Amino acid sequence: SVNLGCIDFYPSSSGKKNCCEYLAHHYSQVKRSNADNEFTTDDFILKRCICLCDDDNDLEMAMACGTVYLPSISSLSMKHAAKFFPDQIFNMEDKEEGITETKATEKALTQALLEFQRRSSLKP
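One gets our numbering by counting positions in the sequence shown from 1 and adding 5 to each.
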């Protein structure tokens with residue numbers, strides 16, 4: 006991945022997307038049914054994960070998660086992703102309304118919690 010113009014090297018089994026996969030499997034074992042076995046790992050993450058992110062090194066994770074909140078956009082590639090996936094990636098920053106920096110992060114966290122509550126109330 007690339008972050009702030011630098012290339013990050015790491016084992017293929019690590020990284021933010023793989024962390025989401027691990028957490029999705031770990032915390033949903035009790036609720037996981039045989040119907041989930043027909044989904045790929047990416048589908049499994051997509052159905053269960055919500056993330057906050059902002060930069061190039063978050064793109065793989067963002068594209069794997071079903072719902073993404075951006076407190077701000079710090080890279081052109083993330084800006085393009087938000088434009089091309091408006092039903093998945095939501096920009097919380099609104100400079101005209103004064104929602105920037107910590108206020109945008111607070112809004113992103115609030116939206117993530119609301120989405121989690123919404124998903125939790127759905128029947129399996």
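Even glycine gets a Cβ: it sits at the ideal position worked out from N, Cα and C.
Quick caveat: nothing in here was measured; it's all calculated off a predicted structure.
Check, Outcome
"Simplified DSSP assignment, three categories, for T148", "Residue coverage of the chain in this structure runs from 6 to 129, which leaves residue 148 outside it and unanswerable."
"contact_flag[the stretch 115-124, the stretch 80-87] where n(CB pairs < 8 Å) is 3 or more", "no"
"Run of the beta strand (DSSP E) containing F89, from where it starts to where it stops", "Note, F89: premise wrong, no beta strand (DSSP E); alpha helix (DSSP H) at L81 to F89."
"Spatial distance of Y15 from L64 (CA atoms)", "16 Å"
"Distance, K100 Cα to I50 Cα", "31 Å"
"Where L57 sits in the DSSP three-state scheme", "strand"
"Exposure label - E26; buried when at least 16 CB within 10 Å", "buried"
"Cβ neighbours of E111 in the same chain (closer than 8 Å, five flanking residues each side left out)", "none"
"One or two residues paired with F14 in a DSSP bridge", "DSSP, once it has assigned bridges, lists no residue as partnering F14."
"C-beta contact flag for A109 and P76 at 8 Å", "yes"
"First and last residue of the uninterrupted beta strand (DSSP E) at L127", "Unbroken run through L127: none, as it is neither H nor E."
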